[in-house]
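Q:
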Amino acid sequence: MAQRSLLYGLLLVAFFIPATSPMADSPSPFTVGERLVYKVEWDPPWYMFFLPSMEAGEVEVLLAETTRHKNRKALKIIFKARSSGRLMRMAGMKIDDEFVLLTDPDTFCTMTVSEKIREGKRKRQVDVEYMPETRQLHIREVDEAPNPPILRRDETKDNIPACVHDPLSAVYLFRKMHLDINHSEIFVVANDDKIQEVQVTVEKKENVNVPLGKMTAWKTNTTALKGGLFRAKGDFKLWLSADHRRLPVQFEAKVNLGRVVGKIKSVQ
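Number 83 in my numbering belongs to position 78 of the sequence shown; there are no gaps in the numbering.
1. Below 8 Å on the Cβ atoms is my contact criterion, and I expect T221 with A247 to pass it. Report the Cβ-Cβ distance as a whole number of Å.
2. Is there contact between the stretch 206-223 and the stretch 136-150, where contact requires at least three CB pairs shorter than 8 Å?
3. To the nearest angstrom, report how far apart L217 and E63 are at their CA atoms.
4. Determine whether the beta carbon atoms of K268 and Y52 lie at a separation below 8 Å.
5. Rounded to a whole number of angstroms, what is the C-alpha to C-alpha distance between E39 and P153?
6. Among T72, A96, F54 and F35, which has the Cα closest to the Cα of E60?
7. Roughly how many angstroms separate the alpha carbons of N76 and T108, rounded to a whole number?
8. Mapping DSSP to helix, strand and coil, what is A247?
9. Fully enclosed by the stretch 114-196, which alpha helix (DSSP H) runs are 4 residues long or longer?
10. Just reading off the beta strand (DSSP E) that Q255 is part of, what are its end residues?
11. Terminal residues of the continuous beta strand (DSSP E) containing Q201?
12. So, helix, strand or coil for M98, using DSSP?
13. When the Cα atoms are used, what is the spatial distance from E190 to A175?
14. Quick check: W223 and L262, are their CB atoms within less than 8 Å of each other?
15. At the level of alpha carbons, what is the spacing between F84 and P32?
16. Go through its chain and collect everything with a Cβ distance to V37's Cβ below 8 Å, but skip five positions before and after it.
17. Indicate the three-state DSSP secondary structure (helix, strand or coil) for G263 in the structure shown.
18. Buried or exposed for F104, going by 16 or more other Cβ atoms inside 10 Å?
19. Report the rounded CA-to-CA distance for L252 versus K242, giving the unit in angstroms.
20. On the CB-based measure, 16 or more other CB atoms within 10 Å of its CB, does D197 come out buried or exposed?
21. Skipping 5 residues on each side, what residues in its chain have a beta carbon closer than 6 Å to that of E65?
22. Look up G90 in the DSSP assignment and say whether it is helix, strand or coil.
23. Give me the Cα-Cα distance between I155 and Q130, rounded to the nearest whole angstrom.
24. Roughly how many angstroms lie between the CA atoms of K259 and A167, to the nearest whole one?
25. State the CB to CB distance for the pair L142 and I165, rounded to an integer number of angstroms; the pair is presumed to be in contact (CB under 8 Å).
26. Please report the distance separating the alpha-carbon of M136 from that of D163.
Pasting the structure below:
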């Protein structure tokens, strides 16, 4: 099984969607061309109190264009994660990952995911295609660090739900939903060939400070029902702006060592 991009993995459980949630009646909160950029920091655990919070990198999510996949209309989403700052220097590893996703523009069911992973000496290419007509998926993983590259996986899996949502496709659909305090749902999240149930609860509305300024946002808490999605079995909190755009303005993830916090710094 391919190890996910560190920053992408931290975002994973935040991006979910239930098929039965009511849609908002207002105009779409996003359009093709929307670009969201986040500043990511790492906070050390309490017993490493002598270390300050450190810059970890930057995450960019772009709703790139409308295209076609197997004679079906598709939306292309591009995710980029880059490491920077003191944490990168301490870890001695540079991250420069790029994921390209195709999703159905009406249902936001995922069609394909292409992952270009560049993390230090680790170089992987992972391609996943979801095939709802046969309830299957195909996953192919190539280790591109050696010369020549080595094929690590090339397999098809059965009994896949007819509609699955990768994390990034799902967040766009989630932004179309009505939000309210104490609302709770159980979701099915697809992570390559793994499928996981998670529960999300809207806890409250509060103000958050991000590089763009002070924003009023819905605070949600997400937990895995069958073991943690992170090795430390941590939870994930996500803040969505309490306006018609429902922008994901902040996220927080507990990890093995401390926590990672991402705050939106630009919207285009």
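Ideal placement from N, C-alpha and C gives every residue a C-beta, glycine not left out. Since the model is a prediction, treat every value here as computed from it, not as a measurement.
A: To lay it out plainly:
1. Taking the first residue of the sequence shown as 1, we reach residue 221 at position 216. Taking the first residue of the sequence shown as 1, we reach residue 247 at position 242. Correct: roughly 5 Å between the Cβ atoms.
2. no
3. Position 212 of the sequence shown, counting from 1, holds the residue named residue 217. Position 58 of the sequence shown, counting from 1, holds the residue named residue 63. Their backbone Cα atoms lie some 15 Å apart in a straight line.
4. What you label residue 268 is simply residue 263 of the sequence shown in a count that begins at 1. What you label residue 52 is simply residue 47 of the sequence shown in a count that begins at 1. In this structure, Y52 does not lie closer than 8 Å to K268 by Cβ.
5. Looking up residue 39 in the sequence shown gives position 34. Looking up residue 153 in the sequence shown gives position 148. Cα to Cα, E39 sits roughly 38 Å from P153.
6. In the sequence shown, the residue the question calls residue 60 occupies position 55. Among T72, A96, F54 and F35, the Cα nearest to that of E60 is on A96.
7. Here residue 76 refers to the residue found at position 71 when the sequence shown is read from its first residue. Here residue 108 refers to the residue found at position 103 when the sequence shown is read from its first residue. Distance between the alpha carbons of N76 and T108: 13 Å.
8. The residue labelled residue 247 in the question sits at position 242 within the sequence shown. Three-state result, A247: coil.
9. 172-179
10. Against the sequence shown, residue 255 aligns to sequence position 250. Looking at the DSSP string, the run of the beta strand (DSSP E) that includes Q255 is P253 to K259.
11. Here residue 201 refers to the residue found at position 196 of the sequence shown. K199 to V215 is the span of the beta strand (DSSP E), which, as asked, contains Q201.
12. Position 93 of the sequence shown holds residue 98. M98: coil per DSSP, three-state reduction.
13. If you number the sequence shown from 1, residue 190 lands on position 185. If you number the sequence shown from 1, residue 175 lands on position 170. Roughly 14 Å separates the two Cα atoms.
14. Translated into positions along the sequence shown, residue 223 becomes position 218. Translated into positions along the sequence shown, residue 262 becomes position 257. No, they are not a contact pair.
15. For this step, residue 84 is matched to residue 79 along the sequence shown. For this step, residue 32 is matched to residue 27 along the sequence shown. Each residue's alpha carbon lies about 25 Å from the other.
16. Here residue 37 is taken as the residue at index 32 of the sequence shown, counted from 1. If we look at V37 and ignore the five residues flanking it on each side, its Cβ neighbours are L68, A69, E70, T71 and L80.
17. Walking along the sequence shown from the start, residue 263 turns up at place 258. Coil.
18. The residue labelled residue 104 in the question sits at position 99 within the sequence shown. Flag for F104 reads buried.
19. As a first step, residue 252 is located in the sequence shown; it is residue number 247 there, counting from the start. As a first step, residue 242 is located in the sequence shown; it is residue number 237 there, counting from the start. Going by the C-alpha atoms only, they are around 14 Å apart.
20. Against the sequence shown, residue 197 aligns to sequence position 192. Under this definition D197 is a buried residue.
21. Translated into positions along the sequence shown, residue 65 becomes position 60. For E65, where only same-chain residues beyond five positions count, the Cβ hits under 6 Å are V42 and K85.
22. The residue labelled residue 90 in the question sits at position 85 within the sequence shown. Helix.
23. Against the sequence shown, residue 155 aligns to sequence position 150. Against the sequence shown, residue 130 aligns to sequence position 125. So the alpha carbons of these two residues sit roughly 10 Å apart.
24. Along the sequence shown, one-based indexing puts residue 259 at 254. Along the sequence shown, one-based indexing puts residue 167 at 162. Cα to Cα, the separation comes out at about 31 Å.
25. Your numbering for residue 142 matches position 137 in the sequence shown. Your numbering for residue 165 matches position 160 in the sequence shown. That pair is a contact at about 5 Å.
26. For the purposes of this step, residue 136 is taken as the residue at position 131 of the sequence shown. For the purposes of this step, residue 163 is taken as the residue at position 158 of the sequence shown. Between M136 and D163, the C-alpha separation is close to 10 Å.
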